[in-house]
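The structure appears below as structure tokens.
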Amino acid sequence: MERIDHLLPWGHLGCERQLSVFRFGSGERKAYIQASLHADELPGMRAAWELKKRLIELERQGALNGVIELVPVANPMGLGQLLQGSHQGRFEVGSGKNFNRDFVELSEPVIAQLHGKLGDDPHANVRTIRQAMSDVLSALPAPSSQLQGMQRTLLSHACTADIVLDLHCDAEAALHMYALPQHWPQWRSLSAHLNVKVGLLAEDSGGSSFDEACSLPWLRLSRAFPEAQIPLACLATTLELGGQADTGRDEAIFHAEGILAFLAEQGLIHGDWPAAQHEPCEGMPFEGTELLFAPHAGVISYLRKAGDWVEAGEPIFEVIDPLEDRVSIICAGTSGVLFAVERLRYAQAGFWLAKVAGREALRHGRLLND
């Protein structure tokens, strides 16, 4: 195991933070796994520690067929943001920016570098493109903030990987994942290993989140150079490992073993690995996700659990105003998987409280909510 420590010296009053990358194995192929970019989403960090222990063992056994880079704490900035005892890890408190938005968009500057340099050898093209991505990131002006520096450091490691797993979670949720539609056939196996309930698929969900900053440039490059053989060479996903409270030991071990079994199927680890114990989940258009909101303030009672299949018109939760005796029952507007609910049990009007993934497009444009 090699440990690579990056200093992030762009904080206020000279504050310096360290970002640590653990590198296992060697070879041309590479997987990159990071956890808790939203720093208060900790199931991924807990699973990453189980992965770290297992990767040390697998490397010692000579079982790794490529490089696996692991970043258990992807956001040392957000890890220390506490407000009155409550962890605030989704947004940088100084700027209000979401830690998982506005990563560098690589396709446009890379396209400018590649004219006349690509041909009909897909492997040579992949090497050329990855070198161009690294060159573009290295040539950027000095970062203007610690957040920008941290994002560039993470992307510099991931942009040369064949497989990228960005481990997150929702408030209270069943396991779900986000990916390009073109990659879904390859991700179905991971969904089966982890008992993921739904895959949310979009080419560009808006906001330049980390997984799309890794995978989407390959799709754009393949369209910019249709005469060249350019595979979609970065298989990237945001993997939501349940809800924020799901940091149990057994859950973390299950998640780590499922990820390792998937990497073994992808040829990065050899040896005998158990077959998936679950069926692959369905991939649905991210545009088909319905967000259900509180119509007025009140205490919330959920009538269905995250992970349930619900039918259109079925009651999902009720909002109760105990002073005015006002009760509103909110029903699903689409049939699909109720994959996440808000963990707070008192809502103001307009708060999102539930997300249902359906098969028919309901929304267009920017799909990510901050």
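If you're matching positions, the sequence shown starts at 1 in UniProt numbering and goes up one per residue. Beta carbons: idealized from backbone N, C-alpha and C, even for Gly.
Query	Result
At 3 residues or longer, and completely inside the segment 158-224: list those beta strand (DSSP E) runs for me, N to C.	163-170, 176-179 and 198-201
Mark G44 as exposed unless 16 or more other C-beta atoms lie within 10 angstroms of its C-beta, in which case mark it buried.	buried
To test your reading of the DSSP string, which unbroken alpha helix (DSSP H) runs of 4 or more residues are found completely within the segment 77-153?	107-114 and 122-139
Exposed or buried, what is V341 when buried is set at 16 or more other beta-carbons lying within 10 Å of its beta-carbon?	buried
By DSSP, does S20 sit in helix, in strand, or in coil?	strand
Please return the same chain residues whose Cβ sits closer than 8 Å to the Cβ of W218, not counting the five positions on each side in sequence.	I129, I230, P231, L232, A233 and C234
To the nearest whole angstrom, what separates the beta carbons of L106 and A213, a pair I think is in contact under 8 Å?	7 Å
Mind checking P72: buried by the 16 CB within 10 Å criterion, or exposed?	buried
State the Cα-Cα distance for the pair K53 and A332, rounded to the nearest angstrom.	42 Å
From Q88 to K30, what distance separates their C-alpha atoms?	32 Å
Any chance the CB of G25 is under 7 Å from a heavy atom of the ligand FAD?	This structure simply doesn't include the ligand FAD, nor any ligand for that matter.
Comparing C-alpha positions only, which one of N98, D120, M150 and L239 sits nearest to H168?	L239
For the 8 Å Cβ check, are there 3 or more pairs between the segment 88-101 and the segment 55-65?	no
Give the list of continuous beta strand (DSSP E) stretches no shorter than 3 residues that lie fully inside the segment 230-260.	235-243
I'd like the span of the alpha helix (DSSP H) that includes L323, first residue to last.	Note, L323: premise wrong, no alpha helix (DSSP H); not H, not E.
Under the DSSP definition of a beta bridge, which residues are partnered with P315?	C331
Let me confirm a value: N125 is counted as buried when at least 16 other C-beta atoms fall within 10 Å, else exposed. Which label applies?	buried
Buried or exposed: where does E360 fall if 16 or more other Cβ atoms within 10 Å of its Cβ makes it buried?	exposed
Using DSSP with H/G/I as helix, E/B as strand and the rest coil, what is P295?	coil
Quick check on DSSP: helix, strand or coil for F262?	helix
With H, G and I counted as helix, E and B as strand and the rest as coil, what does DSSP make of A3?	Note that residue 3 is Arg in the sequence shown here, rather than Ala. Three-state result, R3: strand.
Using the three-state DSSP reduction, which class does F351 fall into: helix, strand or coil?	coil
When you compare the CB positions of P274 and A192, do they come within less than 8 Å of one another, or not?	no
Got a sec? Which residues, its chain only, sit under 8 Å from G206 by beta carbon, not counting five neighbours each side?	G365, R366, L367 and L368
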